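**Q** Chains A and B, in that order, give the protein sequences.
If you read the first sequence in the working numbering, its first letter stands for residue 1, the second for the next number, and so on.
If you read the second sequence in the working numbering, its first letter stands for residue 106, the second for the next number, and so on.
Please find one structure pasted underneath; my questions will follow.
There are 2 protein chains.
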Amino acid sequence: MPSNIFVDLLSHLPEELAQTLISADNLRIQRIVSHGHASPEGFWYDQDQHEWVMVLKWAARLRFENVTVEMSPGYFVNIPADKKHRVEWTTPDEPTSWLAVFYTT
Amino acid sequence: MPSNIFVDLLSHLPEELAQTLISADNLRIQRIVSHGHASPEGFWYDQDQHEWVMVLKWAARLRFENVTVEMSPGYFVNIPADKKHRVEWTTPDEPTSWLAVFYTT
Chain A
1 MPSNIFVDLL SHLPEELAQT LISADNLRIQ RIVSHGHASP EGFWYDQDQH
51 EWVMVLKWAA RLRFENVTVE MSPGYFVNIP ADKKHRVEWT TPDEPTSWLA
101 VFYTT
Chain B
106 MPSNIFVDLL SHLPEELAQT LISADNLRIQ RIVSHGHASP EGFWYDQDQH
156 EWVMVLKWAA RLRFENVTVE MSPGYFVNIP ADKKHRVEWT TPDEPTSWLA
206 VFYTT
């Protein structure tokens, strides 16, 4: 009955992988795997939903308009809706795993 | 700005620790630390909210009315509202860490 969030961590993913684990009214839980991926140059996420996100494996650097944050396993951050952010960097050649909870209020 | 879910894992907690990280309409994200704790004999959780829960560190055994599930880091399970469950066992003398997302639909 339980599943493991770390299974099927494919190596050499051509693109970032986002898999929805739970989808409900006002809530979506995703596992995201970034294989050295970063947001394209000049791209900023600007989302309608709030996002609570934690790094589970490896590491990432998130950038907001006025601050950069380094994230390794266990680090989490709450990103309010409409707060611009981008992924500057993730560990090269390793499957950086994130847990993301998107929600509305 | 980011926080780490593994900091302040006190040893020898007298009781299970539940700390709310985010509380919003229809959503509550908690970090739970079980230091060898289990549900009291005969006790069953029977919750109004759904709960998506994952083990982050160490291990646990969850029991439902007709199945027992062993959980180690990365294992997650979605527990619908009103589905009876209990914690049968967590790693003795270590801070088993859970991430729990309670939500309504």
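Virtual Cβ for every residue (Gly too), placed ideally from N, Cα, C.
Please read these numbers as outputs of a predicted model, since none were measured by experiment.
Compare the C-beta of B:Ser108 with all C-beta atoms of chain A and state if any pair is closer than 8 Å.
**A** The residue given as residue 108 of chain B occupies position 3 in the second sequence. Chain A, which has a Cβ nearer than 8 Å to the Cβ of B:Ser108, makes this yes.
**Q** At a Cβ cut of 7 Å, what residues of the segment 161-183 of chain B count as close to chain A, listed as they run along the chain?
**A** Taking 7 Å as the Cβ-Cβ cut-off against chain A, the residues of the segment 161-183 of chain B that qualify are Val172, Val174, Met176, Gly179, Tyr180, Phe181, Val182 and Asn183.
**Q** Go ahead and pull the three-state DSSP assignment for B:Asn131.
**A** One-based indexing of the second sequence puts residue 131 of chain B at position 26. Residue state, collapsed to three classes: coil.
**Q** State the beta-bridge partners of A:Leu17 as determined by DSSP.
**A** Translated into positions along the first sequence, residue 17 of chain A becomes position 17. A:Leu17 pairs with A:Val33.
**Q** Using a Cβ-Cβ cut-off of 8 Å (strictly less than) and excluding sequence neighbours within five positions of A:Trp58, which residues of its own chain qualify?
**A** Position 58 of the first sequence, counting from 1, holds the residue named residue 58 of chain A. Result list for A:Trp58: Ser72, Pro73, Thr90, Thr91, Glu94, Pro95, Thr96 and Ser97, in chain order.
**Q** Is the Cβ-Cβ distance between B:Met159 and A:Ile22 less than 8 Å?
**A** For this step, residue 159 of chain B is matched to residue 54 along the second sequence. For this step, residue 22 of chain A is matched to residue 22 along the first sequence. Contact flag unset, no.
**Q** What number of angstroms, rounded off, separates the C-alpha of A:Glu70 from the C-alpha of A:Ala100?
**A** Start at 1 with the first residue of the first sequence, and residue 70 of chain A comes out as number 70. Start at 1 with the first residue of the first sequence, and residue 100 of chain A comes out as number 100. Using only the alpha carbons, I get a separation of about 16 Å.
**Q** In the DSSP output, which residue or residues are listed as bridge partners for B:Phe207?
**A** Position 102 of the second sequence, counting from 1, holds the residue named residue 207 of chain B. Note: B:Phe207 sits in a beta bridge opposite B:Arg133 and B:Glu156.
**Q** By how many angstroms is the C-alpha of A:Trp52 removed from the C-alpha of B:Trp157?
**A** Counting from 1 along the second sequence, the entry for residue 157 of chain B is found at position 52. Counting from 1 along the first sequence, the entry for residue 52 of chain A is found at position 52. Approximately 14 Å between the Cα atoms of the pair.
**Q** Can you check which of these residues, A:Ile29, A:Ala38 and A:Glu15, is closest to A:Gln49 by C-alpha distance?
**A** Start at 1 with the first residue of the first sequence, and residue 49 of chain A comes out as number 49. The residue with the shortest Cα to Cα distance from A:Gln49 is A:Ile29.
**Q** Please list the partners that A:Ser32 has in chain B, where partner means a Cβ-to-Cβ separation under 9 Å.
**A** Taking the first sequence and counting its residues from 1, the one referred to as residue 32 of chain A is at position 32. Note that residue 32 of chain A corresponds to Ile in the displayed sequence, not to Ser. Simply none; closest approach about 14 Å.
**Q** At a CB distance below 9 Å, what residues from the segment 38-49 of chain A approach chain B? Give them in sequence order.
**A** Against chain B - using a Cβ distance shorter than 9 Å - the segment 38-49 of chain A contributes no residues.
**Q** Does B:Tyr150 pass the burial test, meaning 16 or more other C-beta atoms within 10 Å, or should it be called exposed?
**A** As a working note, residue 150 of chain B is residue 45 in the second sequence. Exposed, since its Cβ has fewer than 16 Cβ neighbours within 10 Å.
**Q** Which chain B residues sit within Cβ distance under 9 Å of A:Asp93?
**A** For the purposes of this step, residue 93 of chain A is taken as residue 93 along the first sequence, with counting starting at 1. What A:Asp93 touches in chain B: nothing, since even the nearest Cβ is about 21 Å away.
**Q** Could you please give me the residues that DSSP links to A:Glu70 through a beta bridge?
**A** Taking the first sequence and counting its residues from 1, the one referred to as residue 70 of chain A is at position 70. Beta-bridge pairing links A:Glu70 to A:Arg61.
**Q** Do A:His85 and A:Phe64 come within 8 Å of each other at the CB atom, strictly closer than that value?
**A** Residue 64 of chain A sits at position 64 when you count from the first residue of the first sequence. Residue 85 of chain A sits at position 85 when you count from the first residue of the first sequence. Taking 8 Å as the Cβ cut-off, A:Phe64 and A:His85 qualify as a contacting pair.
**Q** According to DSSP, B:Phe181 sits in a beta bridge with which residue or residues?
**A** Start at 1 with the first residue of the second sequence, and residue 181 of chain B comes out as number 76. Paired residues: A:Ser3 and B:Met159.
**Q** Does any heavy atom of the ligand FAD sit closer than 7 Å to the C-beta of A:His50?
**A** With respect to small molecules bound, the structure shown includes none, and the ligand FAD cannot be examined in it.
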